[in-house]
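Enquirer:
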Amino acid sequence: MKKFLVQFFTWWNGQTLGTRFHTWRKGTKVGQDEFGNVYYEGGKDSEGRTRRWVIYNGVSEASMIPPGWHGWMHHRVDVAPPSDNYIPREWQKGHQPNLTGTSGAYRPKGSVLGNTHRPQVTGDYDAWTPGS
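For the sequence shown, the tail end lands on 132 under UniProt numbering, and the numbers increase by one without skipping.
1) Residues bridged to glycine 31 by DSSP?
2) What residues match up with threonine 50 in a beta bridge as DSSP calls it?
3) Look at the alpha carbon of aspartate 33 and the alpha carbon of glycine 123, and state the distance between them as a whole number of angstroms.
4) Tell me whether tyrosine 106, by its Cβ, gets closer than 8 Å to a heavy atom of the ligand ADP.
5) Can you check which of these residues, Tyr40, Phe35, Gly48, is closest to arginine 20 by C-alpha distance?
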């Protein structure tokens with residue numbers, strides 16, 4: 001019952017009932033990644049390409065799509081990673097969650113939310129004032 005209510009009232013957690021129905025009618029499962037996200041394709045978009053979509057495992061966060069699947073989702077490659085025996089390059093980094101809004105977010109030197117103080121102004125800067 002909880003899963004039904006979550007699908008009925010939220011769009012950011014997994015899939016909605018509309019997405020479930022569309023996937024049941026037109027979707028063909030292509031594969032699954034290491035995070036548990038499931039990838040589908042089916043039907044045509046306005047440009048005549050096959051529609052591709054993902055059903056996230058948990059919260060819908062676009063940064064949770066690995067690089068190989070990202071290329072497939074955006075029609076950069078025609079073959080999905082499971083069929084292509086995709087091997088990530090040595091320079092590709094693993095997934096890091098989006099930390100915006102959390103205590104782990106990037107805060108540059110001088111940021112209001114950072115734990116450092118702003119650098120003192122030297123004499124080479126004159127603040128603008130109206131009428132000057």
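From the three backbone atoms N, C-alpha and C, an ideal C-beta is built for every residue, glycine too.
Expert: On the basis of the coordinates in this document:
1) Position 31 of the sequence shown holds residue 31. Per DSSP, Tyr39.
2) Position 50 of the sequence shown, counted from the first residue, corresponds to residue 50. Answer is Lys44, bridged to threonine 50.
3) Position 33 of the sequence shown, counted from the first residue, corresponds to residue 33. Position 123 of the sequence shown, counted from the first residue, corresponds to residue 123. Rounded to the nearest angstrom, the two C-alpha atoms are 55 Å apart.
4) Of the ligands one can find in the structure shown there are none, so the ligand ADP has no counterpart to examine.
5) In the sequence shown, residue 20 corresponds to position 20, counting from 1. If we check each option's Cα against that of arginine 20, Tyr40 comes out closest.
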